[in-house]
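In our numbering, each number is its position in the sequence shown, counted from 1, plus 1102. The structure appears right after this line, and notes come after that.
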Amino acid sequence: MKIRTSVKCLCLKCKLIKRNKHYIIKCPIKKHKQKQK
């Protein structure tokens, strides 16, 4: 899980989810998991 100020989809399987004012990226590839600070 990477915590960043700006999150971006890295592949086509990445899904952008909004959870209480923060964006989370979920992906089957573990390297692509991100959370907005």
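Every residue gets a Cβ at the ideal spot worked out from N, C-alpha and C, and that includes glycine.
task: Could you spell out where the beta strand (DSSP E) holding Ile1119 opens and where it closes?
output: The residue you call residue 1119 lines up with position 17 of the sequence shown. Note, Ile1119: beta strand (DSSP E), Lys1117 to Arg1121.
- prompt: Exposed or buried, Ile1105, counting other C-beta atoms within 10 Å across all chains shown (16 or more means buried)?
  reply: On the sequence shown, residue 1105 is found 3 positions in, with the first residue counted as 1. Taking all protein chains shown into account, Ile1105 has fewer than 16 neighbouring C-beta atoms within 10 Å of its C-beta and is therefore exposed.
message: If I follow the unbroken beta strand (DSSP E) through His1124, where does it start and stop?
response: By one-based count along the sequence shown, residue 1124 stands at place 22. Residues His1124 to Lys1128.
task: Could you tell me the distance, in whole angstroms, from the CA atom of Leu1114 to the CA atom of Lys1139?
output: Along the sequence shown, read from residue 1 onward, the residue named residue 1114 stands at position 12. Along the sequence shown, read from residue 1 onward, the residue named residue 1139 stands at position 37. Each residue's alpha carbon lies about 23 Å from the other.
- request: Starting from the C-beta of Ile1126, find all residues in its chain whose C-beta is less than 6 Å away, skip the five residues before and the five after it, and write them out in chain order.
  value: Walking along the sequence shown from the start, residue 1126 turns up at place 24. Sequence-distant Cβ neighbours of Ile1126 in its own chain, meaning closer than 6 Å and more than five residues away, are Ile1119 and Lys1137.
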